[in-house]
Each structure stands twice: as C-alpha cells, then as structure tokens.
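Here is the structure we will look at.
There are 2 protein chains.
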Amino acid sequence: MANFEALFNYIQEISGKQLSDDDKHLLTVHFKPKKLRKRQYFLQEGDVCKYIGFIVKGSARTFTVDEKGHEHILKLSLENWWLADFESFYLLTPSRFNIEALEDLEVLQSTNAQIEEFLKQIPAFSAMANVISQNYTIANQNRMQAAMSFTAEERYEDLISNYPHFLQRFPQNMLASYLGLSPETLSRIRKNSFK
Amino acid sequence: MANFEALFNYIQEISGKQLSDDDKHLLTVHFKPKKLRKRQYFLQEGDVCKYIGFIVKGSARTFTVDEKGHEHILKLSLENWWLADFESFYLLTPSRFNIEALEDLEVLQSTNAQIEEFLKQIPAFSAMANVISQNYTIANQNRMQAAMSFTAEERYEDLISNYPHFLQRFPQNMLASYLGLSPETLSRIRKNSFK
DNA sequence: AAATACGCTTGATATAGGTCAACTCAAGGT
DNA sequence: ACCTTGAGTTGACCTATATCAAGCGTATTT
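Just so you know, the protein sequences line up as chains A and B, in that order. Each residue of the first sequence is one higher than the last, beginning at 5 in our numbering. Each residue of the second sequence is one higher than the last, beginning at 5 in our numbering.
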C-alpha cells in the first residue's frame, strides 16, 4: 500500500483547499507508485520524460553530462517535490537531462495527459498548480540572480540560508556541482568559513 | 488612444482562444497605458512592484546593483513580454531589482489583484497564464543550465541562436551583463568568432 | 559647432576558481 | 576480515575571465 497521504496533505496544504473523497479516489487511481533503488535512473538523457513524480521518500538529482564528460547538477530534489524534466514532460521531446536517485526513492507518478485531467477536475489540484508556478518563478529568479552576481562563497552561503537541510541530505560533491563548483573549491570554501 | 490590439492578439495567440467583446472591455478598463522615456524607471530597488506591465513598444532591463556598485542584468525585455519583479509583485515585498526603460517604453499595466480577476473571469486569459507558466519554466531551466555548464563563448552562441533579435535591439554592454560577462570579454569573444 | 559622454576595442596584468595528483578515511562488497 | 571504491582534503599549478587603463569614434547635450 503506497503512501498517498503525503500527496493529499501536500496538495491541501499548498492549495489551501480540501480534497473530496472523489478527488482522492481519482488521484489514487491515476498516480502510480514507483520505487527506485539508490543509483537507479528516473529519467535518462535521450528519453522522453513521460512521467512526473511526486517524491514521497528519498532524494534525486537532475544533471547533464557535457562533451568533456563532466556532470552538472541542475536540481536536487527531496520529499514533497515534483520530479521531472519539465521541457521534455510538457513538450514530449527527448530530454537532455538525467534524473537519478541519490537515496532509495519512492514516487507517485503520472502522465502529462493525466495531470491535465486533474487540473480540470480537481479544484485543489489546479489551485496548487498556480501556487507552485508562482513559487517556481520566484525561486528561479532568485537562483538565476545568485548564479550571475554572486561569488562561489556567496552562493554557498545563500544555499545554507535557503536550504539548510540540503547540507544534511546531500554529499558535499553533489552540493558543489549544484553550486557550479568543483568539489575541491567547495572543500576550501568550507575550510575558510569555519575559522 | 492606447494600442490594446497588441495585448488582445497576444492573449488570443498564446492561449489559442478568442476574447469576447466583454472580455476586451474588461481588459481595456483595467489595464492602464503608461509611457516611460528612455532611462526612466518602471521599478526601483526598495519599492514594491505594484504593477505588471505588458510591453506594447520599447525595451527594458531588470538588474541588481551589488555592494561594489556593479550592475547585473537579470532580464532583458521586449514587445509582447511581461514586465515585473514577480517575487515583489506576487508577495508585495520590497524589490531588490531595478527595471529601467532602455528605449522609450509603452506598457499596459495592471495590479496583482486585478490580474486575479482576469484569471477568474476571462478563460483566454487564464489559458494564456498556464501556457506562459510552462514556457517560463522551460526557459528558466534552460537558462540555468546554460549559466551553470557553459563557457562564456558557449553562452553567447546560445544567446545568438535563441534570441537573435537581441543583437539588433540591445547594446553590447547590456548583452554582456545579461550573459554575466564584462563588456571587454564579450568584445574579445566576438572578435575571435568572426575570423 | 564645440564639448562631453558613452560604447566599443585593445593591451597588460590580476585573480577566482579549475585541474591534476597524492593521501586519508570510511563504507560496501565478497 | 580483506579489498575496493568513493568522498573529502590539501598542495601545486593553470586558465578563463575580470580589472585597469588608454584610445577612438559616434551620439548627445549645450
């Protein structure tokens, strides 16, 4: 039995609206539980991101691999976040990204077509989508600004203050890549700021 | 008489839906034309971004000023784009950004409360908002990835292929700042790629 | 028309952060 | 228990890009 309560609570909390029993039934039928073990891929480069996942448990990273074989983490995701390459998911084009479980991962997943149905049929779901869209826009704006005008050290401090729990959940080399730094540089930054 | 046709066409095109005469009337009443001369500010740091503007004519830049007094352009905007610091606009918090007209600017502007009304009352408007939200999410994802994993030269080429008209409309030092580069570096990149 | 400011270029130099390599330590696999 | 693998650290060196400075040409102001 999968844990749908996490999803229900999330929708209700974000949207500020209640889900009816019918709503819950609809969600239960069309969100499919999926488990991935650490290191398994939710999405591989070149594939279409057919599913969006709601993370019930675990963590994941979204990353690209450049021509030199270097990985760049674009996103780190935890419980109660949505997991997808949105470009591929919305447009059904092949993805340039990989999404990999960093810990054993439990998601509830569904397709774009099905999400469209939820948006039409479940008011709380559609209200949630609007709030998320706002939050994403704000978060993106801030992250972009940090990436453009902050030094490595400032970006690290920004991360600490915005997502302190990331330090507990993700290994340092993953945080470095997320911040656009080499692991060595992050190690040195931490050394200096500890003094 | 302000040019509302640009706004109507935009909404209908993006949403794929028609606006009724009533819809148009409502928009006409609650979007206020505003003209700014080159160098005037649409928003100043510290102020709340009370209005969102639809650009009918002209261009603008959204930028921050860091402690060293250096400006960083986060966004360049042209006709048929929306102009706002979304964080400040949605949350009504003081903005960290400045928005300045780079050319004489004509916008149609409205408040957040009024936009909420449009979303409820005008189906084409709300459909448009959903499409824009998708487009923004995709564009942000791509821009973030470019910022994190591309070299200066790659970012410039990325800009050329995604927004070729920017080269005509914006001076080179603005493009440099938008790309997170010094004007000197962009100048040298162009010199090298021309040969 | 003169004066001024500004955008762009070019050269010389500085620096933040990357790369490479070696070492340590902890964790997982057999 | 042993071996291997991978994360983290540290040092030496390197490179992409920033900074500073000067000069040129073209708008803009007066």
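C-beta: ideal position from N, C-alpha, C; glycine also. In this text, all values refer to a predicted model and were calculated from it rather than measured experimentally.
Per-residue contacts from residue i into chain A (C-beta, under 7 Å)
i	result
residue 253 (chain B)	Past the edges of chain B, shown from 5 to 199, lies residue 253 (chain B), and the structure says nothing about it.
Contacts that residue i makes with chain B (C-beta to C-beta distance below 7 Å)
i	result
residue 137 (chain A)	137
residue 161 (chain A)	Neighbours of residue 161 (chain A) on chain B: none; closest Cβ ~14 Å, over 7 Å.
residue 184 (chain A)	152
Within chain B, partners of residue i - CB distance below 9 Å
i	result
residue 76 (chain A)	149, 152, 153
residue 55 (chain A)	The contacting residues do not exist; residue 55 (chain A) stays about 17 Å from chain B at best.
residue 45 (chain A)	None at all; the shortest Cβ gap to chain B is about 18 Å.
Per DSSP, the bridge partner or partners of residue i
i	result
residue 87 (chain A)	A:57
residue 76 (chain A)	A:68
residue 109 (chain A)	A:40
residue 104 (chain B)	B:45, B:65
residue 52 (chain B)	B:98
residue 155 (chain B)	In DSSP, residue 155 (chain B) forms no bridge with anything.
residue 92 (chain A)	Answer is none; residue 92 (chain A) lacks a bridge partner.
residue 115 (chain A)	A:55
residue 197 (chain A)	In the DSSP output, where bridge partners are listed per residue, residue 197 (chain A) has none listed.
residue 19 (chain A)	Answer is none; residue 19 (chain A) lacks a bridge partner.
residue 181 (chain A)	None, per the DSSP bridge assignment.
residue 81 (chain B)	B:64
Residue of the options minimising C-alpha distance to residue i
i	options	result
residue 61 (chain A)	A:9, A:50, A:25	A:9
residue 21 (chain B)	B:131, B:73, B:169, B:80	B:131
residue 110 (chain A)	A:172, A:46, A:14, A:182	A:46
residue 78 (chain B)	A:121, A:151, A:160, A:158	A:151
residue 40 (chain B)	B:25, B:26, B:49, B:58	B:58
residue 182 (chain B)	B:25, B:96, B:145, B:75	B:75
residue 18 (chain B)	B:176, B:175, B:138, B:146	B:138
residue 184 (chain A)	A:157, A:173, A:196	A:157
Sequence-distant residues of its chain with Cβ nearer than 7 Å to residue i (five each side left out)
i	result
residue 51 (chain A)	98, 99
residue 118 (chain A)	34
residue 15 (chain A)	23, 128, 129, 132
residue 199 (chain B)	Low confidence applies to residue 199 (chain B): its pLDDT is 47, below 50, so where it sits in the model is not reliable, and the reading given next is rough at best. Within the same chain, residue 199 (chain B) has no close Cβ partners at all.
residue 143 (chain A)	none
residue 93 (chain B)	53, 56, 116
residue 204 (chain A)	Absent from the model: residue 204 (chain A). The displayed extent of chain A is 5 to 199, so no value can be given.
residue 96 (chain B)	52
residue 113 (chain B)	35, 36, 38, 55, 56, 57
Cut-off 6 Å between Cβ atoms - residues of its own chain near residue i, not counting five sequence neighbours on either side
i	result
residue 6 (chain B)	37
residue 180 (chain B)	187, 190
residue 1 (chain B)	With chain B represented from 5 up to 199, any question about residue 1 (chain B) goes unanswered, as that position is not in the structure.
Proximal residues of chain A, C-beta to C-beta of residue i below 8 Å
i	result
residue 167 (chain B)	Chain A residues near residue 167 (chain B): none, gap ~15 Å exceeds 8 Å.
residue 68 (chain B)	149, 153
Within chain B, the residues that residue i reaches when beta carbons sit closer than 8 Å
i	result
residue 90 (chain A)	138, 141, 142, 145
residue 51 (chain A)	Chain B residues near residue 51 (chain A): none, gap ~17 Å exceeds 8 Å.
residue 14 (chain A)	Here the premise fails: no neighbours, minimum Cβ distance about 19 Å.
Own chain, CB closer than 8 Å to residue i, minus 5 neighbours either side, in chain order
i	result
residue 84 (chain B)	10, 14, 58, 59
residue 12 (chain A)	23, 28, 31
residue 102 (chain B)	45, 47, 48, 49, 66, 67, 68, 69
residue 162 (chain A)	150, 154
residue 178 (chain B)	65, 77, 80, 106
residue 148 (chain B)	none
Inspect the CB distances between the stretch 22-37 of chain B and the stretch 108-125 of chain B and report whether three or more fall short of 8 Å.
Yes, they touch.
Could you tell me whether the stretch 103-121 of chain A touches the stretch 103-111 of chain B, using the rule of 3 or more Cβ pairs below 8 Å?
The stretch 103-121 of chain A makes no contact with the stretch 103-111 of chain B, as fewer than three CB pairs between them are under 8 Å.
Three Cβ pairs or more, each shorter than 8 Å: is that satisfied between the stretch 183-198 of chain A and the stretch 81-88 of chain B?
With the cut-off at 8 Å, the stretch 183-198 of chain A and the stretch 81-88 of chain B do not touch.
The stretch 163-174 of chain A / the stretch 160-180 of chain B touching (three or more Cβ pairs under 8 Å):
Counting Cβ pairs under 8 Å, fewer than three are found: no touch.
Is the stretch 67-74 of chain A touching the stretch 134-146 of chain A, taking contact as three or more C-beta pairs under 8 Å?
The stretch 67-74 of chain A, when compared against the stretch 134-146 of chain A, does not touch it at the 8 Å Cβ threshold.
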